[in-house]
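To start, the structure itself, in structure tokens.
Chains as they are written, first to last, in UniProt numbering: chain H, 1 to 464; chain R, 1 to 464.
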């Protein structure tokens with residue numbers, strides 16, 4: 001069957017106009033936020049129901065057509081890039097919150113629901129959806145589940161995994177599974193729901209997800225603390241964790257602050273400049289909590305771990321302090337940064353960061369290295385900025401060499417080569433630095449169980 | 001090879017004296033707390049290291065010998081019963097806490113560590129292991145992971161799954177997998193750790209687990225509230241959840257209280273007798289929190305949801321209130337109870353309980369039905385006491401009929417036939433009431449991936 005004939009058949013499975021093949025659509029829906037692969041899908045299909053998704057998967061099985069699921073396309077690992085003539089299955093038209101239950105504190109979402117849409121919905125109900133990150137305004141719940149999205153509140157609320165009460169998925173054979181039925185306790189064999197979370201669409205597609213909501217946080221308050229070196233950040237974390245229930249503990253280097261202040265629209269946290277900054281957040285539910293925070297701050301100053309600091313006194317100040325951290329990624333994007341998203345256990349972070357820092361600095365003294373990330377989770381974002389003197393190609397070629405060294409250090413520290421961005425295509429060749437050959441073998445066997453024809457997002461996680 | 005010759009070979013794989021075949025040992029190590037199956041293992045083996053576990057599994061593969069893992073033997077689904085000539089692998093000699101990290105708040109445990117041993121260890125370190133249940137003094141961490149143990153603090157802390165940072169497992173082929181490396185964020189493909197949690201030893205054996213610890217709770221305070229009917233318990237839960245971060249929300253019927261008071265060693269919570277009681281717990285960190293609790297109590301009384309209540313004012317009173325709930329299982333055990341451990345989503349609990357109550361009462365008016373459980377998680381323990389007039393055999397035969405009806409109601413409400421006790425052998429024939437044929441098919445295929453020879457706890461979860 002010719003591709004044209006296949007696409008004609010595909011059109012019969014969905015509503016009129018819900019298969020696109022124009023060049024603009026192919027370019028738009030064929031990619032995510034990564035820039036390494038040229039999009040080359042053969043068509044984009046927009047199902048509006050679970051039955052249509054099942055029909056598409058059965059059709060793809062019959063004709064051995066590869067499918068790529070597409071959400072908000074904000075991914076950073078090319079897991080939603082269609083670079084090999086695949087059909088992209090976009091969930092843009094399955095974007096409704098179908099049900100809400102105030103006693104269960106759950107919302108039943110279609111996969112195309114935008115993260116912020118769920119956050120706003122929860123707020124309207126006096127509740128809270130706590131998974132949050134820079135791309136929450138575009139990313140979709142289905143994609144969040146596929147990558148087990150993390151972000152800035154993980155230290156308190158955990159990953160997306162913690163908030164998935166139940167899943168409906170269509171497997172690689174077109175079968176519909178209703179997993180866990182939204183139960184809190186359910187000890188009836190293997191929890192298949194967990195397999196689909198973080199599987200990047202390689203086992204099946206999420207067609208419905210029941211998401212848990214939490215009570216709304218009360219009087220969120222942030223502190224930004226300047227530290228004399230990176231090593232001081234860990235005892236600061238430890239001291240505050242012993243006294244407060246933190247909702248976030250982030251960090252960034254002074255070089256990051258430079259870039260933010262250059263914007264001109266974000267005020268400096270305080271006058272003193274220090275090599276690193278910690279941003280922590282907690283619920284100042286009572287006067288006592290705020291006092292404990294200040295006492296801990298003073299203790300950290302006495303110990304020499306903190307040189308200066310500020311605590312938000314209003315919602316506006318809270319938001320301004322968060323901008324110092326949340327605007328970094330967007331602000332540095334025009335410097336063509338080479339990004340790595342790596343993690344180790346929290347206690348290993350200082351030695352790990354020092355190792356990588358010295359490795360990059362000694363080999364590439366002209367590279368500007370920017371560090372920031374979710375230090376309370378052991379998750380570091382390593383960003384190397386392109387020197388003006390280097391062409392993009394030269395720069396990325398050198399970075400590929402750096403990559404290998406970085407991952408060797410990650411392996412030495414028993415860490416992860418992808419903390420929260422997933423594997424997709426950008427990390428698949430490096431998977432062996434974080435997973436053993438035996439593990440990869442078992443993963444491939446599991447993929448074959450759910451996707452025997454190998455049509456579900458092939459070439460992602462594992463090489464083709 | 002004869003069984004005797006096989007056992008001689010097995011003895012060469014472990015330390016001298018670490019294979020037992022005497023009748024007492026076979027009877028003791030061949031069973032758990034269920035009484036439905038006669039233990040009949042051929043030997044008990046006690047490995048002392050991961051290497052010995054691997055050697056045992058490889059030997060079992062070679063000779064096609066079935067293995068049954070054995071922990072504290074407190075299970076209630078016969079998942080650790082060896083009734084078919086299997087070799088029992090006991091983890092009693094792999095019972096050390098190997099490492100502690102105060103910055104990561106983790107403890108590396110061998111599988112034979114007793115739950116309470118970890119709780120006490122955490123307390124010594126100023127921290128807290130929050131998974132708790134009646135058998136915590138005997139149950140082992142390996143068994144807790146195998147059944148994804150829940151218990152009384154799930155409403156705040158979640159199941160055992162939430163506290164497993166990393167796992168080392170030996171698969172059915174004897175391969176050692178190191179899963180997740182204790183990382184908080186790790187997006188490198190399928191999270192195989194999750195598959196082994198709750199797998200009841202059918203995919204492999206846990207040989208090491210890194211468990212997370214939490215900060216210690218502060219000034220735990222309990223309330224017991226008497227309600228005029230079951231339906232009033234749900235608005236009480238809702239009201240308190242809106243105002244406090246609950247650490248527990250349990251319930252029991254007045255018939256349960258009867259049995260507890262008959263013991264003579266537990267004081268009544270208050271004079272009024274009411275059909276049902278809720279027990280809730282929270283951290284009274286400040287005066288304001290305690291005041292919010294009392295204001296909510298008064299609101300519930302005004303609404304007619306609560307008839308009487310008490311709040312603990314001391315550690316001793318806290319413990320006495322908990323005895324009202326925690327002693328039930330042990331207290332009713334000599335009435336030969338027929339137990340069921342079922343769950344639905346929280347919002348469905350009242351209708352579900354009423355349906356089952358009327359079903360049992362209308363068919364067996366002479367049966368005494370006792371309800372208690374973890375209402376905040378939707379988890380109900382249904383206990384039917386044997387009437388004196390019936391023999392044990394007659395009683396259990398009638399209960400088997402009840403079972404089917406109960407599970408039909410569970411299915412109607414989209415619930416679980418085993419909330420936290422697992423499937424083992426007692427629920428395997430009923431699995432279809434909670435999992436679809438397609439799901440069971442996928443589960444069996446996954447089992448074949450990790451245990452191709454079918455030697456790992458065969459006959460558990462799925463029929464032989």
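Where is the CB? At the ideal position from N, CA and C, for every residue including glycine. Because the structure is a prediction, the values reported are computed rather than measured.
So residue 152 of chain R and residue 248 of chain R are in contact, right, with Cβ under 8 angstroms, and what is the actual spacing, rounded?
Looking up residue 152 of chain R in the second chain gives position 152. Looking up residue 248 of chain R in the second chain gives position 248. Their Cβ separation, rounded to whole angstroms, is 5 angstroms, which keeps residue 152 of chain R and residue 248 of chain R in contact under 8 angstroms.
Does the distance from the CB of residue 46 of chain H to the CB of residue 18 of chain H come in under 7 angstroms?
For the purposes of this step, residue 46 of chain H is identified with residue 46 of the first chain, where counting begins at 1. For the purposes of this step, residue 18 of chain H is identified with residue 18 of the first chain, where counting begins at 1. A contact, by the Cβ cut-off of 7 angstroms.
Our contact map puts residue 189 of chain H next to residue 443 of chain R with C-beta atoms below 8 angstroms; I'd like the distance itself, whole angstroms only.
Taking the first chain and counting its residues from 1, one reaches residue 189 of chain H at position 189. Taking the second chain and counting its residues from 1, one reaches residue 443 of chain R at position 443. Sure, about 5 angstroms apart at Cβ, within 8 angstroms.
Where does the unbroken beta strand (DSSP E) through residue 311 of chain R begin, and where does it stop?
Translated into positions along the second chain, residue 311 of chain R becomes position 311. From DSSP, the beta strand (DSSP E) with residue 311 of chain R extends over 308-311.
Taking any Cβ of chain H, which residues in the stretch 410-430 of chain R have a Cβ under 8 angstroms from it, in chain order?
414, 415, 416, 417, 418, 419, 420, 421, 422, 423, 427
Check whether the stretch 310-328 of chain R touches the stretch 387-394 of chain R, counting contact only when three or more Cβ pairs, one atom from each stretch, lie closer than 8 angstroms.
no
When DSSP labels each residue in this structure, what does residue 24 of chain H get in the three-state scheme?
Numbered from its first residue, the first chain carries residue 24 of chain H at position 24. Helix at residue 24 of chain H.
For a contact meaning CB atoms closer than 9 angstroms, what does residue 135 of chain R contact in chain H?
Numbered from its first residue, the second chain carries residue 135 of chain R at position 135. The premise fails here: residue 135 of chain R is roughly 15 angstroms from chain H at the closest Cβ pair, so nothing lies under 9 angstroms.
Do you know offhand how far residue 208 of chain H's Cα is from residue 168 of chain H's?
Translated into the one-based positions of the first chain, residue 208 of chain H becomes position 208. Translated into the one-based positions of the first chain, residue 168 of chain H becomes position 168. Roughly 5 angstroms separates the two Cα atoms.
Looking at residue 256 of chain R: is its Cβ nearer than 7 angstroms to the Cβ of residue 370 of chain R?
In the second chain, the residue the question calls residue 256 of chain R occupies position 256. In the second chain, the residue the question calls residue 370 of chain R occupies position 370. Yes, the pair counts as a contact, with Cβ atoms nearer than the cut-off.
Closest to residue 251 of chain H by C-alpha separation, out of H:87, H:105, H:233, H:25, would be which residue?
Your numbering for residue 251 of chain H matches position 251 in the first chain. For the residues H:87, H:105, H:233, H:25, the minimum Cα distance to residue 251 of chain H belongs to H:233.
Is the CB-CB distance between residue 461 of chain R and residue 402 of chain R below 7 angstroms?
For the purposes of this step, residue 461 of chain R is identified with residue 461 of the second chain, where counting begins at 1. For the purposes of this step, residue 402 of chain R is identified with residue 402 of the second chain, where counting begins at 1. One thing to note: residue 461 of chain R has its Cβ no nearer than 7 angstroms to the Cβ of residue 402 of chain R.
Under 8 angstroms by Cβ, that's how I've got residue 219 of chain H and residue 284 of chain H pegged, so tell me the actual separation to the nearest angstrom.
Residue numbering aside, residue 219 of chain H sits at position 219 when the first chain is read from its first letter. Residue numbering aside, residue 284 of chain H sits at position 284 when the first chain is read from its first letter. Right, their Cβ atoms sit about 5 angstroms apart.
Identify the continuous beta strand (DSSP E) that holds residue 212 of chain H and give its terminal residues.
Sequence index remark: in the first chain, residue 212 of chain H carries index 212 (1-based). Counting along the chain, the beta strand (DSSP E) containing residue 212 of chain H begins and ends at 204-212.
Any idea if residue 3 of chain H is buried or exposed, counting beta-carbon neighbours within 10 angstroms, 16 or more meaning buried?
Indexing the first chain from 1 puts residue 3 of chain H at position 3. By the neighbour-count rule (16 or more Cβ atoms within 10 Å), residue 3 of chain H is not buried but exposed.
So, at 7 angstroms on beta carbons, what are the nonlocal neighbours of residue 154 of chain H in its own chain, with the 5 sequence-adjacent residues on each side left out?
What you label residue 154 of chain H is simply residue 154 of the first chain in a count that begins at 1. The residues are 374, 377.
So residue 243 of chain H is in the alpha helix (DSSP H); what residue range does that whole segment cover?
Translated into positions along the first chain, residue 243 of chain H becomes position 243. Start and end: 233-243.
Under three-state DSSP, which class holds residue 33 of chain R?
Translated into positions along the second chain, residue 33 of chain R becomes position 33. Residue 33 of chain R falls in the coil class under three-state DSSP.
Could you check where the alpha helix (DSSP H) with residue 227 of chain R kicks off and where it finishes?
As a working note, residue 227 of chain R is residue 227 in the second chain. Per DSSP, residue 227 of chain R belongs to no alpha helix (DSSP H); it is in the beta strand (DSSP E), 220-227.
Smallest Cα separation from residue 324 of chain R: which of R:338, R:266, R:272?
Sequence index remark: in the second chain, residue 324 of chain R carries index 324 (1-based). Taking only the C-alpha atoms, the option nearest residue 324 of chain R is R:266.
Going by beta carbon distance, what residues of the same chain come within less than 7 angstroms of residue 199 of chain H, once the five residues before and after it are set aside?
Taking the first chain and counting its residues from 1, one reaches residue 199 of chain H at position 199. 146, listed in sequence order.
Rounded to the nearest angstrom, how far is the Cβ of residue 343 of chain R from that of residue 419 of chain R, given a contact under 8 angstroms?
Position 343 of the second chain, counted from the start, is the residue given in the question as residue 343 of chain R. Position 419 of the second chain, counted from the start, is the residue given in the question as residue 419 of chain R. Right, their Cβ atoms sit about 4 angstroms apart.
Do residue 465 of chain H and residue 143 of chain H have their C-beta atoms within less than 7 angstroms of each other?
Outside the displayed span of chain H (1 to 464) sits residue 465 of chain H, for which this structure offers no information.
Along the chain, where does the alpha helix (DSSP H) that runs through residue 363 of chain R open and close?
Counted from its first residue, the second chain places residue 363 of chain R at position 363. Element bounds for residue 363 of chain R: 349-363.
Starting from residue 436 of chain H, find everything on chain R with Cβ-Cβ shorter than 8 angstroms and list it in chain order.
Indexing the first chain from 1 puts residue 436 of chain H at position 436. By Cβ distance, chain R contributes 177, 178.
What does residue 345 of chain H reach in chain R if we use C-beta pairs closer than 7 angstroms?
Taking the first residue of the first chain as position 1, residue 345 of chain H is located at position 345. Per Cβ cutoff of 7 angstroms: 104, 182, 183.
Entirely within the stretch 145-182 of chain R and at least 4 residues each: give me those alpha helix (DSSP H) ranges in chain order.
For the stretch 145-182 of chain R, whole alpha helix (DSSP H) runs of length 4 or above, ordered along the chain, are 154-157.
Check distances from the C-beta atoms of the stretch 280-311 of chain H to those of chain R and list, in chain order, the residues that come in under 7 angstroms.
286, 288
For residue 384 of chain H, decide whether its Cβ has a neighbour in chain R, counting only Cβ atoms nearer than 7 angstroms.
Residue 384 of chain H sits at position 384 when you count from the first residue of the first chain. It does not: the Cβ of residue 384 of chain H has no partner Cβ on chain R nearer than 7 angstroms.
Count the other CB atoms, across all protein chains shown, that sit within 10 Å of the CB of residue 22 of chain R; report buried if there are 16 or more and exposed otherwise.
Taking the first residue of the second chain as position 1, residue 22 of chain R is located at position 22. Looking at its Cβ environment, which holds fewer than 16 other Cβ atoms inside 10 Å, residue 22 of chain R is exposed.
For residue 354 of chain R, tell me which candidate among R:44, R:118, R:410 has the shortest Cα-Cα distance.
Position 354 of the second chain holds residue 354 of chain R. Answer by Cα proximity: R:410.
Are the stretch 269-284 of chain H and the stretch 330-343 of chain H touching by the rule of at least three beta carbon pairs closer than 8 angstroms?
Touching, no.
I'd like to know whether the C-beta of residue 443 of chain H is nearer than 7 angstroms to at least one C-beta of chain R.
The sequence position of residue 443 of chain H within the first chain is 443, counting from 1. It does; some Cβ of chain R falls within 7 angstroms.
Residues of chain R with a CB under 7 angstroms from the CB of residue 211 of chain H: which are they?
Stepping through the first chain from its first residue, residue 211 of chain H is reached at position 211. Neighbours of residue 211 of chain H on chain R: none; closest Cβ ~13 angstroms, over 7 angstroms.
With DSSP as the reference, label residue 371 of chain H as helix, strand or coil.
Position 371 of the first chain, counted from the first residue, corresponds to residue 371 of chain H. Residue 371 of chain H: strand per DSSP, three-state reduction.
Mind pulling the chain R residues with CB within less than 8 angstroms of residue 219 of chain H?
Indexing the first chain from 1 puts residue 219 of chain H at position 219. Within chain R, no residue comes near residue 219 of chain H; the closest Cβ sits about 12 angstroms away, beyond 8 angstroms.
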